[in-house]
Amino acid sequence: MGQLEIEKLTETRFVLQMGPHHPATHGVLKLYTEFEGERVLKIVPDVGYLHRGIEKLAESKTYPSAMTLTDRLDYISSMTNNIGYCLAVERLMGIEPPPRAKFIRTMVAELTRLSSHLLWLATHALDIGAMTVFLYAFREREQILDFFEKICGARLTVSYPRIGGVRVDINEKVLDEIYKFTEIMLKRVDEYEGLLTENRIWISRTKGVGVVSSEEALSLGLTGPALRGSGVYYDIRKLIPYDAYPEVDFEVPLGENGDTYDRYLCRIKEMRQSTLIIKQCIEKIPEGDILTEQAPDIDIPHQGKRQISAGDSLWSGFIQFVDKKTELMPPGEIYSAIEAPKGELGFYIISDGSGRPYRMRVRAPSFIHISAIPKLCEGHLLADVIAIIGTLDIVMGEADR
Amino acid sequence: MNKLLKKFLFLDIIKGLLITFKTIFTHPVTIRYPKEKKEPEEGFRGRHAFVRDPETCKERCVACTKCAQVCPSQCIYIDFSLNVETGARVLTKYEIDALRCIFCGYCEEVCPVNAIVLTEFYEYASYDRKTNYFNKEALLKNWDEFINQYKGNEYVNKFWYLPGINRMRLPVGKRQPKPVPLKKFNAGRD
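Line by line, the protein sequences give chains A and B. For what it's worth, numbering that gives the first Met the number 0 labels the leading residue of the first sequence as 0, then goes sequentially. For what it's worth, numbering that gives the first Met the number 0 labels the leading residue of the second sequence as 0, then goes sequentially.
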């Protein structure tokens, strides 16, 4: 009898304001949730708690200075953000970094992908209840951050790439250390898999949770491993190659069912591929320059000088100022995207010829992934909501900008 | 059948437990921070300092204000006066708000005389905001503090001469790595 009464009571809707300081929401994400019993009826994500106005701020900075802002977008994979921004400006200017810089960029981008996926694995497993993987993943992430410190002197906000190349060269000693690390890393990934992949608790918590078919995933705008987990072949590294990706050999792992477990497997396989890419980059890295001749200096002015033309007077000292200013950047607009660890990271830049971007728009994968939470959580339990937030790999610094 | 056997024998769980058991025989990777300290790598971007020139025992800054121009967070404040006789600039005020600094290293990269540097000193947290608002004297004091704990005979920062970049892109004074000799500097101070 008591059982029946409880069921009657739970027919009323239960509203839970989850976040913005919930530890499992990976930052300051707020979810307005309505439950019937423990089943999710409705979820409304609320973003904007970490808004810093980076897009607006970039309009008052010169092109090289605005690059330091992109570090703070997705703060656990700042290297790929920098590369994405630099690539957009390079495409706008029509310049290309030298081959050595391209290989270095590819290598550090894959190191970033590894560190980002390690952090994802650590927190995702911790949310679901596996504590050990958290500690193991942070052990390897620390090594990657140490490499960043050796390369460029900073661990998180690196500001390492530069428009037209990279800032400083990597010496051979560090490359050897990274090469040794890749061999250890492959064994470590096996270790994580040994802890999780066949574990019955892990399987029952992830299989069939947050299923999204390939058509739905496409219409929701998912990118990166979240889309590839549903079996859609979409990887910008392969489709619109940039940097040294056409010269290295790698596979794009795909899932089948599009559930949390497939996305997990997808990312694990991607970690293996990243390690192999780093290995190939170190083997193939050529000697040479790391910055093109046409690259702008970091102290380019905000605005060009006013053009001067000789006047038509007979007086030889007479000059005429024209209202137009000299162009520091070719005017125009560009959208360029790269494959960040979370998904497609795009930069849309409008240039009016001055030293500052007229408009910088960031297409952040996390922001679009948040909009998929209500769809993925349909009919799931409260505990699965946590797993789904984890599997989409959301970073609020990128979503709110 | 095989799956069922695996499930009954808890093979999946045992496989995971074996991995965790193996780590008993490995060394811990953590360090006990206040007692043990991690040496920062060469070129680490830490606390700001003004290089004390070994010859003049003063700062090298020529007040070109380039660092204030490139600073993305605009945390450098410079003021200067003109020496009427020589026409040279004399630095009267140089302040860095380290709490606003984002440690991108653009200032040391753009400095034509290698005057400003982000040293490899990282333990400078304070209880008040004033301590981390460096003026000219504080920046020179930072350099002395850093150099006293620095092992080695000469100091050169990676971002001063940017290895790998075409030399012709850099200002004339920065094309060759010019290390700051430390022994000479110490003798000069005594």
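Idealized CB from N, CA, C, for every residue including glycine.
- Boundaries of the alpha helix (DSSP H) around A:E89: S77 to M92.
- In this structure, the beta-carbon distance from A:K29 to A:P22 does not fall below 8 Å.
- Close CB contacts of A:A65 within its chain, under the 7 Å cut and outside five residues either way in sequence, are with A57, P356 and M359 (chain order).
- Listed as beta-bridge partners of B:S80 by DSSP are B:V89.
- One finds K60, S64, A65, T67 and L68 in chain A with Cβ atoms closer than 8 Å to the Cβ of B:P71, taken in chain order.
- Sequence-distant Cβ neighbours of A:F137 in its own chain, meaning closer than 7 Å and more than five residues away, are A121.
- Measuring C-alpha to C-alpha distances from A:E282 to each of A:E246, A:T291, A:K55 and A:T67 identifies A:E246 as the nearest.
- Interface residue (Cβ-Cβ distance to chain B less than 8 Å): A:D168 is classified as such.
- In its chain, beyond the 5 residues on either side, I367 have a beta carbon closer than 7 Å to the beta carbon of A:G220.
- Cβ neighbours of B:V109 within its own chain (closer than 7 Å, five residues either side excluded): K65, C66 and V69.
- Within chain A, the residues placing a beta-carbon under 8 Å from that of B:T19 are T131 and L194, ordered along the chain.
- The three-state secondary structure of B:F7, taken from DSSP, is helix.
- Within the same chain, and ignoring the five residues on either side of A:C265 in sequence, the residues whose Cβ sits closer than 8 Å to its Cβ are P224, R227, G228, P252, L253 and G254.
- For B:H47, the enclosing beta strand (DSSP E) begins and ends at H47 to F49.
- Runs of the beta strand (DSSP E) spanning 3 or more residues and lying entirely within the segment 89 to 175 of chain B occur at 115 to 117, in chain order.
- In the three-state DSSP reduction, A:A336 falls in the strand class (E or B).
- For A:L195, the enclosing alpha helix (DSSP H) stretches over residues E171 to L195.
- Going by beta carbons, A:T105 and A:Y244 fall inside the 8 Å limit.
- Closest by C-alpha distance to A:H116, out of A:M270, A:I284 and A:E326, is A:M270.
- Less than 8 Å divides the Cβ of B:E58 from the Cβ of B:R51.
- Taking a contact as a CB-CB distance under 8 Å, the pair A:T67 and A:G163 does not count as one, their CB atoms being some 16 Å apart.
- For A:K149, the C-beta contacts it makes with chain B under 7 Å involve E40, in order along the chain.
- The segment 83 to 98 of chain A and the segment 333 to 349 of chain A touch, with three or more beta-carbon pairs separated by less than 8 Å.
- A:F34 sits in a strand when the DSSP states are folded into three classes.
- Straight through space, the alpha carbons of B:Y132 and A:L275 are spaced by roughly 46 Å.
- For A:I388, the three-state secondary structure derived from DSSP is helix.
- Interface with chain B (8 Å Cβ-Cβ cutoff): A:D248 is excluded.
- A:Q16: member of the beta strand (DSSP E) spanning F13 to M17, first to last residue.
- Annotated as proximal: A:A339 and A:S76, with beta-carbon spacing under 8 Å.
- About 7 Å separates the CB atoms of A:R400 and A:A363; that is less than 8 Å, so the two are in contact.
- Secondary structure of A:V208 (DSSP, three-state): coil.
- A:D168 sits away from A:T205, with the two beta carbons spaced by 8 Å or more.
- Think of a sphere of 9 Å around the beta carbon of A:N256: no beta carbon from chain B falls inside it, the nearest being about 18 Å out.
- Burial state of A:N81 is buried, judged by a 10 Å Cβ sphere holding 16 or more other Cβ atoms.
- Taking 8 Å as the cut-off between beta carbons, the residues of the segment 146 to 176 of chain B near chain A are K157, F158, L161, P162, G163, I164, N165 and R168, in sequence order.
- What A:N198 touches in chain B, judged by beta-carbon distance under 8 Å, is D11, I12 and G15, going in chain order.
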